[in-house]
Structure formats: C-alpha cells, structure tokens
Amino acid sequence: MIRRVGRPGLLGTMARTAVIAGTAGAVNRSMNRAADNRQQTQADAEAYRQQQAAPPPAAAPQPAGGDDLFAKLDRLAQLHATGVLDDAEFAAAKAKLLA
Numbered sequence: 001m002i003r004r005v006g007r008p009g010l011l012g013t014m015a016r017t018a019v020i021a022g023t024a025g026a027v028n029r030s031m032n033r034a035a036d037n038r039q040q041t042q043a044d045a046e047a048y049r050q051q052q053a054a055p056p057p058a059a060a061p062q063p064a065g066g067d068d069l070f071a072k073l074d075r076l077a078q079l080h081a082t083g084v085l086d087d088a089e090f091a092a093a094k095a096k097l098l099a
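Below, the structure written as structure tokens:
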C-alpha cells in the first residue's frame, strides 16, 4: 500500500471537519450555558436586593388585654384577610372561640 505524503485524503478531511464542527458546537453550548447562568445569577441578585429594600411588614400592636375575645377575633380576621387562613379554617377557629 502506498502512503500519500502532503495533503490528507477525503477521509482525513472529513474527520478533521467533524472534529472542528463538534468542537464549535461544544463551545457554543458552553457559552450559551454560561450566559444563562450569568442572567439567572443577576436576576437572583436583583430579587434579593428588592427583597432587602422592602420594609418588613408592620406588626399590628397587641392590645393590653391579650386574652380578651375581641383581640383574638381581630387577629383571626387579620389572618383571614392576608390569606393565611381560608374560609373554612377561619369559620372553624371563630366557632371555637365563640363556643
């Protein structure tokens, strides 16, 4: 068998092209992944900054008689208004207090 010296043959050229194309694709995917990670990190940082800048929710002042019925009903109404308690839970807790 005679070996060629100089330029590669058809198979050598195809192999080189496949390696170059595969490398280019891998680099492209890596760069896209890095850009996505950078964007996500920036979005997370911005969300954190906004969360830290927002004032904490104001706590309602507790009346002096913390055990009285009206204060407990008022607290239940606040929890229901903010969505912590749904309608059924609110009704059950109110019935328990009034019983």
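Under the UniProt record's numbering, the residue at position 92 of the sequence shown is numbered 92, and the numbers go up by one with no gaps. Here a beta-carbon is modelled for each residue, glycine too, at the ideal position from N, C-alpha and C. Since the model is a prediction, treat every value here as computed from it, not as a measurement.
Exercise. Are the CB atoms of Ala93 and Leu73 nearer to each other than 7 Å?
Worked result: Taking the sequence shown and counting its residues from 1, the one referred to as residue 93 is at position 93. Taking the sequence shown and counting its residues from 1, the one referred to as residue 73 is at position 73. Against a cut-off of 7 Å, the Cβ pair of Leu73 and Ala93 comes out as no contact.
Exercise. Run through DSSP, which three-state label would Gly65 get?
Worked result: Here residue 65 refers to the residue found at position 65 of the sequence shown. The pLDDT assigned to Gly65 is 49, lower than 50, so where the model puts this residue is not dependable, and the model offers no usable value.
For this session: Grab the span of the alpha helix (DSSP H) containing Leu97 for me, first residue to last.
Result: Looking up residue 97 in the sequence shown gives position 97. From DSSP, the alpha helix (DSSP H) with Leu97 extends over Asp87 to Leu98.
For this session: Following the continuous alpha helix (DSSP H) through Ala34, name the residue where it begins and the one where it ends.
Result: What you label residue 34 is simply residue 34 of the sequence shown in a count that begins at 1. Run containing Ala34: Leu10 to Ala53, per the alpha helix (DSSP H) assignment.
Exercise. Leaving out the 5 sequence neighbours to the left and right, which residues in its chain are closer than 6 Å to Lys96 when beta-carbon positions are compared?
Worked result: One-based indexing of the sequence shown puts residue 96 at position 96. Result list for Lys96: empty, nothing under 6 Å.
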